[in-house]
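**Q**
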Amino acid sequence: MKRSGLVLATIAGCASLSAYAQLPQQADQWFKEGQSALEQAKKVKPIVGPAKNVILFVGDGMSVGTITAARIYAGQQQGLKGEEYKLSMEALPHMALSKTYNTNMQTPDSAGTSTAMVAGVKTSSGVLGVNESIKRGFCNNVEENKVKSAFQSAAEKGLSVGFVTTTRITHATPAAAYAHSPDRNWESDSSISSYNKNNGCTDIAHQLVNFDHGDGIQVVFAGGRREFIDKDMKDEQGFAGKRSDGKNLIEEWQKRYPEANYVYDRAGFEKLDDKSRVMGLFNSNHLEWELDRVKENIEPSIAEMTSKALDVLSKNKDGYLLMVEGGRIDHAHHAGNAARALEDTIAFDKAVQAAIEKTDPKDTLIIVTADHAHSFVANGYAERGNDILGLSMSGGKPNKDLTGKSYTTLMYGNGPGGIEGARPDVTAKEVASPDYIQQAMIKLKSETHSGEDVAIFARGPQAWLFQGVVEQNYIYHVIADAVNLK
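Position 151 of the sequence shown, counted from 1, bears residue number 150 in numbering that gives the first Met the number 0, the numbering being contiguous throughout.
Dropping the structure here:
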């Protein structure tokens, strides 16, 4: 009977293939590409088992719409129509969607979302490394409501840990991995009231320098020097600090780790050796947007920082955890400036590609995601290959609204480009500027986050565990499972 069943199945399969081969669309290029994609998908086998290393990429504010627009933009930069292009992150074999809400907010902030990703629990908006029992801005019960991040646990286990970000290192996304604070804005001591200091709260920069888990933090590449030095001090580039306690925490870090490297500009970065510990703070504030960075060339790119971080961290035979944040995607969206948001997304994707090339999928789990979305949309019936940053065009002519005015493909639900009174017409020349602020429906000083789900892309050991739609805090649990932090 088993033999008979096999014969019947074979006959049925042949009949199916025969019928398939007779489809009229079989010669169509799209059909062939679909078949090729299917065959490639069948070759993907889940990598089950432990990971030695984990790299968590966070595109701050990198909504699905941002990824789509960046994909098209990157393709058009290479002379393609754009829609058919694929970013490096999109080539990772496993994916899911992440629900980003905070415990008290339908639309989240980066502090609560980052805490969810690195510590495994959702929490309130605006707080770092603590659970939802904390009231924002109050120190009374921080100690008993702390949560431990995967980075703290990994360091205690003997793994190396590192952070790369285009924001201040004390900004919300990286800070959730090493600090505990009832307010994300307490980046230096000058932001904390005397009352809260007396109740035991310390600022985020102080907590970074005094990270006491395992062997400490091996790599920091970021901005934010001002949070580490006193307001009466000047940094290497002549900018004043923000602290009010008279401290220079950079010098304190150097005294704590005399064998380590400290650099503050691209020249110093390029001279770095592969010592086991390095801090690079390349700006007093955030690093420059990618569009501006390439003009000035005084800061390393996020891809270069990622590559160097991996050189340092990979020296640990026991493995490492690395967070890489493309933080200025978010800032460009807040400014309503799509061009800079897309340029920073592409730069972030190049960092993903650098990690793909420098790691082995058999032992390194790569996760690419976002902390939240933005009110950013691609709308209108633009023709294929239309300039994604330009006017919405069809048949060589601008599409018009009911009043006969042109509009762009990319717009925002709210933000600085909000319309007051009648919507002004826009021209192709106007929107071609990289400084152009996209129009928005609601006028706000700063564009807001949005509450949609965000994508998770993954490769490596246990990446197959990303399936369907998950809560954002699930990301931590996959990381902890992969490197056995339980």
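Note that beta-carbon positions come from the ideal geometry of N, C-alpha and C, so glycine has one too.
Quick check: the segment 61-71 against the segment 371-380, are there 3 or more CB pairs under 8 Å?
**A** Yes, the segment 61-71 touches the segment 371-380.
**Q** With H333 as the anchor, note down where its alpha helix (DSSP H) starts and where it stops.
**A** Looking at the DSSP string, the run of the alpha helix (DSSP H) that includes H333 is 327-333.
**Q** Return the Cβ separation of S159 and N315 in integer angstroms, given the expectation that the two are a contact with Cβ distance under 8 Å.
**A** Rounded, the Cβ-Cβ distance is 4 Å, consistent with contact.
**Q** Taking only the alpha-carbon atoms, compute the straight-line gap between E382 and K396 and give it to the nearest angstrom.
**A** Answer to the nearest angstrom: the Cα atoms are 10 Å apart.
**Q** Can you find the residues in the same chain that come closer than 6 Å, C-beta to C-beta, to M0, ignoring five residues on each side of it along the sequence?
**A** Low confidence applies here, because M0 scores a pLDDT of 43, under 50, leaving its location unreliable and the question unanswered by this model.
**Q** Could you work out which residue in E429, D434, D329 is closest to D291 when comparing CA atoms only?
**A** When each option's Cα is compared against that of D291, the closest is D434.
**Q** Rounded to whole angstroms, what's the CA-CA distance from G467 to K121? Just pull it up for me.
**A** Cα to Cα, the separation comes out at about 19 Å.
**Q** For V482, does the count of other Cβ atoms within 10 angstroms reach 16, so buried, or fall short, so exposed?
**A** Flag for V482 reads buried.
**Q** Does the segment 343-361 touch the segment 178-192, meaning 3 or more C-beta pairs lie closer than 8 Å?
**A** With the cut-off at 8 Å, the segment 178-192 and the segment 343-361 do not touch.
**Q** What are the residues that DSSP puts in a beta bridge with K399?
**A** In the DSSP output, where bridge partners are listed per residue, K399 has S405.
**Q** Under 8 Å, Cβ to Cβ, is there at least one residue of chain B near N103?
**A** Among the protein chains of the structure shown there is no chain B, as only one such chain exists.
**Q** Can you list the beta strand (DSSP E) stretches of 3 or more residues lying completely in the segment 407-461, in chain order?
**A** With a minimum length of 3 residues, the continuous beta strand (DSSP E) runs that stay inside the segment 407-461 are 409-414, 439-442, 453-458.
**Q** Quick one: Cα of T368 to Cα of Q471, how far?
**A** For T368 and Q471, the distance between alpha carbons rounds to 10 Å.
**Q** Among the residues of its own chain, which have a CB less than 8 Å from the CB of D480, if the five just before and after it don't count?
**A** Cβ neighbours of D480 beyond the five flanking positions: Q461, L464.
**Q** Mind checking F30: buried by the 16 CB within 10 Å criterion, or exposed?
**A** Per the 10 Å Cβ criterion, exposed.
**Q** Could you tell me the boundaries of the beta strand (DSSP E) in which G222 lies?
**A** Counting along the chain, the beta strand (DSSP E) containing G222 begins and ends at 218-222.
**Q** By the DSSP assignment, the alpha helix (DSSP H) with V376 in it spans what residues?
**A** Unbroken run through V376 is the beta strand (DSSP E), 375-377; no alpha helix (DSSP H).
**Q** Would a C-beta distance cut-off of 8 Å place T407 and A350 closer than the cut-off?
**A** Against a cut-off of 8 Å, the Cβ pair of A350 and T407 comes out as no contact.
**Q** Tell me which residue opens and which closes the beta strand (DSSP E) that H476 is part of.
**A** Run containing H476: none in the beta strand (DSSP E); it sits in the alpha helix (DSSP H), 473-481.
**Q** Please report the distance separating the alpha-carbon of M278 from that of N195.
**A** Straight-line Cα distance between these residues: approximately 29 Å.
**Q** Do G335 and P423 have their C-beta atoms closer together than 8 Å?
**A** No; because the gap between Cβ atoms is not below 8 Å, this pair is not in contact.
**Q** Identify whether A232 lies in helix, strand or coil by the three-state DSSP scheme.
**A** The amino acid at residue 232 is misidentified as Ala; the sequence shows Met. Three-state result, M232: coil.
**Q** Which of the three DSSP states, helix, strand or coil, is assigned to A239?
**A** DSSP places A239 in strand when its eight states are reduced to three.
**Q** Are the CB atoms of V163 and I301 nearer to each other than 8 Å?
**A** Against a cut-off of 8 Å, the Cβ pair of I301 and V163 comes out as a contact.
**Q** Does the beta-carbon distance from E537 to N413 come in below 8 Å?
**A** Any property of residue 537 remains undetermined from this structure, which presents the chain solely from 0 to 485.
**Q** Taking only three categories from DSSP, how would you classify V469?
**A** Residue state, collapsed to three classes: strand.
**Q** Using 8 Å as the threshold, is the C-beta distance between A524 and M322 below it?
**A** Nothing about residue 524 can be reported from this structure: the residues present for the chain run from 0 to 485 only.
**Q** Out of C200, F210, E298, which one is the CA nearest neighbour of G222?
**A** Considering only alpha carbons, the answer is E298.
**Q** Contact defined as beta carbons within less than 8 Å: I believe T486 pairs with H333. What is the distance between those atoms, to the nearest angstrom?
**A** The shown model of the chain, from 0 to 485, leaves out residue 486, and the question about it has no answer.
**Q** Using 8 Å for Cβ pairs, my map puts Q437 next to A331. What's the rounded Cβ distance?
**A** About 11 Å separates the two Cβ atoms, so there is no contact after all.
**Q** Tell me the DSSP secondary structure of N296 in three-state form.
**A** Here N296 sits in coil by DSSP.
**Q** Beta-carbon separation of I328 and G81 under 8 Å?
**A** Result no, Cβ atoms of I328 and G81 do not sit closer than 8 Å.
**Q** Runs of 3 residues minimum, wholly inside the segment 156-190: which ones carry the beta strand (DSSP E) assignment?
**A** Segments of the beta strand (DSSP E) lying fully in the segment 156-190: 159-167.
**Q** Are D273 and D310 close, meaning C-beta to C-beta below 8 Å?
**A** Yes; because the gap between Cβ atoms is below 8 Å, this pair is in contact.
**Q** Quick one, are the C-beta atoms of I168 and I387 less than 8 Å apart?
**A** No, they are not a contact pair.
**Q** Could you name the residues that DSSP lists as bridge partners for V367?
**A** F56, F456, per the DSSP bridge assignment.
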